[in-house]
Amino acid sequence: MKKKKDKKNNEIVFKTLYVEETKYKTIITKKFENRKVWQNPDSSLVYSIIPGTVSKVYVTDGDTINEGDKLLVLDAMKMKNTIRVPYSGVIKKVNVIEGQSIPKGFVMVELDIQLL
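Using our numbering, the first residue of the sequence shown is number 323, and each one after it goes up by one.
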């Protein structure tokens with residue numbers, strides 16, 4: 323393993339990393355330093371977890387839905403994936419139509435969650 327050297331004065335630069343209250347000295351890569359910061363996902367949005375084609379949409383804007391109801395069917399990887407609603411609430415907006423191809427991470431449905 324090659325050690326990284328500081329281009330200015332040819333020194334190895336160690337950074338401090340904390341893991342569960344333990345302090346470590348290590349070399350951090352540029353890829354790690356430039357990574358996207360994790361964000362808590364918005365539970366009112368239903369994302370596609372794989373790319374595919376929407377073959378059937380069961381809901382429209384303004385529909386009242388219960389936990390477990392069908393939202394749509396996503397054809398992906400030679401399978402028909404039924405997407406069900408994770409929470410009870412009201413459909414704010416349906417962002418897909420039948421026959422539409424969508425990428426991974428696409429917001430398919432926006433929910434107005436009703437917490438009981």
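Positions of the beta carbon are idealized from the N, C-alpha and C atoms, including for glycine.
Enclosing alpha helix (DSSP H) for Lys414 [first to last residue]
Residue mapping note: residue 414 aligns to position 92 of the sequence shown, counting from 1. Per DSSP, Lys414 belongs to no alpha helix (DSSP H); it is in the beta strand (DSSP E), Gly411 to Val416.
With three or more beta-carbon pairs closer than 8 Å as the criterion, would you say the region 367–378 touches the region 348–355?
Verdict: no, contact absent.
Using the Cβ count rule (16 or more neighbours within 10 Å means buried), how would you classify Met401?
Stepping through the sequence shown from its first residue, residue 401 is reached at position 79. Met401 counts as exposed, since fewer than 16 other C-beta atoms from the protein chains shown sit within 10 angstroms of its C-beta.
Would the region 340–349 and the region 401–417 be scored as touching if the rule is three or more Cβ pairs under 8 Å?
Between the region 340–349 and the region 401–417 there are fewer than three C-beta pairs closer than 8 Å, too few to call the two in contact.
Would you mind reading off the limits of the beta strand (DSSP E) that contains Glu432?
Walking along the sequence shown from the start, residue 432 turns up at place 110. Looking at the DSSP string, the run of the beta strand (DSSP E) that includes Glu432 is Val429 to Ile435.
Apply the 10 Å Cβ neighbour rule to Ser423 and answer buried if 16 or more other Cβ atoms are within range, or exposed otherwise.
Here residue 423 refers to the residue found at position 101 of the sequence shown. Counting Cβ neighbours within 10 Å, Ser423 comes out exposed, since fewer than 16 surround it.
Between which two residues does the alpha helix (DSSP H) harbouring Lys352 extend?
As a position in the sequence shown, residue 352 is number 30, starting the count at 1. Secondary structure note for Lys352: its alpha helix (DSSP H) is the uninterrupted segment Lys352 to Glu355.
Burial state of Leu339, where buried means 16 or more other Cβ atoms lie within 10 Å:
In the sequence shown, the residue the question calls residue 339 occupies position 17. Exposed.
Secondary structure of Lys400, DSSP reduced to three states
Indexing the sequence shown from 1 puts residue 400 at position 78. Coil, per DSSP.
Contact set for Ser410: own chain, Cβ-Cβ below 6 Å, skip 5 residues either direction:
In the sequence shown, the residue the question calls residue 410 occupies position 88. The residues Asn388, Glu389 and Gln436, in chain order, have a CB closer than 6 Å to that of Ser410 in the same chain once the five nearest residues on each side in sequence are set aside.
Determine the direct distance from the alpha carbon of Pro425 to that of Ile413, and round the result to whole angstroms.
Taking the first residue of the sequence shown as 1, we reach residue 413 at position 91. Taking the first residue of the sequence shown as 1, we reach residue 425 at position 103. Taking the straight line joining both Cα atoms gives about 21 Å.
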